[in-house]
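Have a look at the structure below, then the notes.
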Amino acid sequence: MGMGEYRTARELGRGALPRSESADRFYYREEKVFEKPFDWNQARRLLAFVLPYARQVILAGIAMLAATVTRLLVPWLMAQAIDTALEPEVRFTRWTGWLAPYERRERLLILVGAMLAVHVINWLANYGRIQLTNWVGQRALYDLRMKIFAHVQSLSLRFFDTRPAGAILVRVTNDVNALQDLFTNGIINLLQDILTLVGIILIMMSMHLKLALVIFAFLPLMIVTTARLRTRVRRGWQRVRMQRSRLTAHLAEAIQGVRVTQAFGQQEPNKDFFADMNAEVRKTWLDTIRLNAWFNPIVEIMGAVGTGVVYWYGTRILQGGGITVGVLVAFVTYVGQFWEPILRLTQLYGQILVAMASSERIFEYLDTRPTVAEKPDAKPLPPIRGAVELDNVTFAYEEGRTALRGVSLKVNPGEMVALVGHTGAGKTSIINLLSRFYDVDEGAVRIDGVDVRDVTLESLRRQIGVVLQDPFIFSGTIMDNIRYGRLDATDEEVIAAAKAVRAHDFIMRLPHGYQTEVRERGSRLSMGERQLIAFARALLANPRILVLDEATASIDTQTERLIQEALAELLKGRTAFVIAHRLSTIRNADKIVVLDHGRIVEMGTHESL
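Position one of the sequence shown corresponds to residue 0 (numbering that gives the first Met the number 0), numbered consecutively onward.
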């Protein structure tokens, strides 16, 4: 059974909400690509986020080069010091000839001092490299997060209609985080490991070619063993990542739907399903850790065997006078350093593959173009009077699911139009087209005679206010939530808007008045209080066209009088489209439009209908 099928079977078996087959296929498609071969096009696109910090990258490269050279110098200096202390007659080379004028004791002091200086330089270089690479990496990630967040916010509603919120959250967070190691250390470490490996090979070959070839003979076995084991470990971590992503998506969905879960008493089945998913993460994690636990011992054993062979063969050469004690000690030290970059390169290779897969998913979002886009020659919509016309409009959310069929409607400035009809009749579709959240398939929507497709989205939506049935309240203060309608509004203007819609009194009863902090979605406020805040927000924005999408549907009768007073103030002098079922809300409408299966079947006043 595949991963997509698995989710449905478990949900149905545990009593969780059954997910559609298409949604399961979507979840599977989201996570099925764990790794991807290196792609130069994607690498160049990722590099674009680093290029603005080229100066810091160059400085990090210089620090990396200094750290690599100084690390390679230490065993060589150690060899010179040992030979200076032990060899009865020191043979000078072109690299050590500068020490010849000094006595043995002075040479030892110079070499020991040089080793200390090299260690200090190495520490400073590594510190600088780490600081610079993390500085660059975090800024590149910041820029990437900002770009994807801004882009996702600019996408049309159709994009969000076809993707679960949890899946979008995973894509924006987890996939970006998967690039963190590559941005902060991966590129520099790749260069450093390659330089270190080349440097060690050249130094060992210059010290003693035959002894170096003995070590190189172990190299193919080491690469094959580590690569195969690393592949299995990497795929294990990828499964963990996939399962954790699905767990995060399910958790986000469960939190959003917690009221429904509690209302239907499904806490236990929901908890059981979450426990199963959580157990899968735990099992895969432990299996991968168990496999990974074999990795270091195997590498250490192979390294120990290689070192033992060097000691055995090296002492034979030493006894024959082919090398000195200092050279043998340095050689063994280089052998220990030789395996490290090879191991890191195999790890980095897997890291790059995962980063390529993550970047592919990120760029898939960044390359997604809004289905509702501004024309190149779109002009700002000037201040409007509020005349609205739907001219023979046909619209479908997806092929085969027509929401509106040949709808024509004219609304004069300042008129109130009530849209009524059964669920799915097309009421919400009309207001979605009015705000141009979607584009018509046929016909046109005009405001003051101007096609909404010919103006900029910002200028259009700034003059249309929307109040939904379940108004969204952001985390923050009451003042900030009302000011969201117009960010440059003064405190006095915010308070005036709240007073106009009868929200001031309940706000002042809160512990800190307008500075009272509210949680996400305003969970501490009643539905009526949230609605009044939404009305104040809309009034502060001062739109010429107002849309109320069942804004009074969830209001209790005790609050209804207050809401009706607020509505009267809010609708004053504005063109309004009201979706409502309450008679008290629609009786004063200038037009009542009755919709059925996407068509207007009746239209008139309350008295005529």
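Just so it is clear, CB atoms sit at the ideal spot from N, CA and C, and this is done for glycine as well.
Because the structure is a prediction, the values reported are computed rather than measured.
Q. In chain order, what residues of the same chain have a beta carbon less than 7 Å from the beta carbon of I481, not counting five sequence neighbours either side?
A. The answer, listed in chain order, is V493, A496, A497, I532, A535, R536, L539.
Q: Just mark P340 as buried or exposed, buried being the case when its beta carbon has 16 or more other beta carbons within 10 Å.
A: Answer is buried; the Cβ neighbour count reaches 16.
Q | Cβ shell of D589 (< 6 Å), same chain only, five flanking positions each side left out | A | The residues are E414, M415.
Q | Nearest residue (CA-CA) to D447, options F436, Y437, L459 | A | Of the candidates F436, Y437, L459, the residue whose Cα lies closest to the Cα of D447 is L459.
Q) Taking just the CA atoms, how far does L467 sit from R518? A) Cα to Cα, the separation comes out at about 19 Å.
Q. Alpha carbon to alpha carbon, what distance is there between N173 and F148?
A. Taking the straight line joining both Cα atoms gives about 13 Å.
(Q) Please return the same chain residues whose Cβ sits closer than 7 Å to the Cβ of G420, not counting the five positions on each side in sequence. (A) Listed in chain order, the non-local C-beta contacts of G420 below 7 Å within the same chain comprise K426, V593, L594, D595, local neighbours out to five positions each way being set aside.
Q.
Using DSSP's beta-bridge definition, name the partner residues of M221.
A. In DSSP, M221 forms no bridge with anything.
Q. Which residues mark the beginning and the end of the beta strand (DSSP E) in which S407 is found?
A. Membership of S407 in the beta strand (DSSP E) is indicated by the continuous run 400-410.
Q. Sorry if obvious, but does the Cβ on L380 come closer than 7 Å to a heavy atom of the ligand FAD?
A. Questions concerning the ligand FAD fall outside what the structure shown contains, since it holds no ligand whatsoever.
Q) Where does D616 sit, in a helix, a strand or coil, going by DSSP? A) Lying before the first or after the last residue shown, residue 616 is absent from the chain, which here runs from 0 to 608.
Q) Beta carbon of V135, beta carbon of V49: below 8 Å? A) Cβ distance < 8 Å, so V135 and V49 count as in contact.
Q: Determine the DSSP secondary structure at K146, reduced to helix, strand or coil.
A: Reduced to three states, the DSSP call for K146 is helix.
Q: Evaluate H511 with the Cβ neighbour count: other Cβ atoms within 10 Å of its Cβ, from every protein chain shown; 16 or more gives buried, anything less gives exposed.
A: By the C-beta density criterion, H511 is exposed, having fewer than 16 other C-beta atoms within 10 angstroms.
Q: Alpha carbon to alpha carbon, how far is W293 from L220? Give it in angstroms, no decimals.
A: Each residue's alpha carbon lies about 16 Å from the other.
Q. Does DSSP put G464 in a helix, in a strand, or in coil?
A. In the structure shown, G464 sits in a strand (DSSP, three-state: E or B).
**Q.** Reference I429, options T401, P412, D453, closest by Cα
**A.** For I429, the closest of T401, P412, D453 by C-alpha to C-alpha distance is T401.
Q) Of all the options R445, G320, A65, F182, which has the alpha carbon lying nearest to the alpha carbon of R384? A) It is R445.
Q. Is D82 buried or exposed, if buried means 16 or more other CB atoms sit within 10 Å of its CB?
A. So D82 counts as buried.
Q) Hey, how far is the Cα of D23 from the Cα of R245? A) Since pLDDT at D23 reaches only 43, below the 50 mark, its modelled position is unreliable, and no value is offered.
(Q) Taking 7 Å as the limit between beta carbons, can you name the residues of its chain near K409, skipping five residues before and five after? (A) Within the same chain, K409 has close Cβ partners E388.
Q.
For the pair the stretch 263-273 and the stretch 314-328, tell me if three or more CB-CB distances fall below 8 Å.
A. In short, these stretches do not touch, since the Cβ pair count stays below three.
(Q) Our contact map puts M203 next to F362 with C-beta atoms below 8 Å; I'd like the distance itself, whole angstroms only. (A) About 43 Å separates the beta carbon of M203 from that of F362, a gap too long to meet the 8 Å contact definition.
**Q.** Beta carbon of V600 nearer than 8 Å to that of F576
**A.** Result no, Cβ atoms of V600 and F576 do not sit closer than 8 Å.
Q: Evaluate R615 with the Cβ neighbour count: other Cβ atoms within 10 Å of its Cβ, from every protein chain shown; 16 or more gives buried, anything less gives exposed.
A: The question about residue 615 has no answer here: the residues shown for the chain are numbered 0 through 608.
**Q.** Neighbourhood of I585 by C-beta distance below 8 Å, restricted to the same chain and skipping five residues each side
**A.** Same-chain partners within the cutoff: A417, V419, V577, A579, I591, H605.
Q) Apart from the five residues on each side of it in sequence, which residues of its chain come closer than 8 Å, Cβ to Cβ, to R435? A) Excluding positions up to five away in sequence, the list reads V371, V444, V451, R452, L456, L459, R460.
Q. Nearest to A80 by CA position, among A303, R157, M63, E102, is which residue?
A. Minimum Cα-Cα distance from A80 among the listed residues A303, R157, M63, E102 corresponds to E102.
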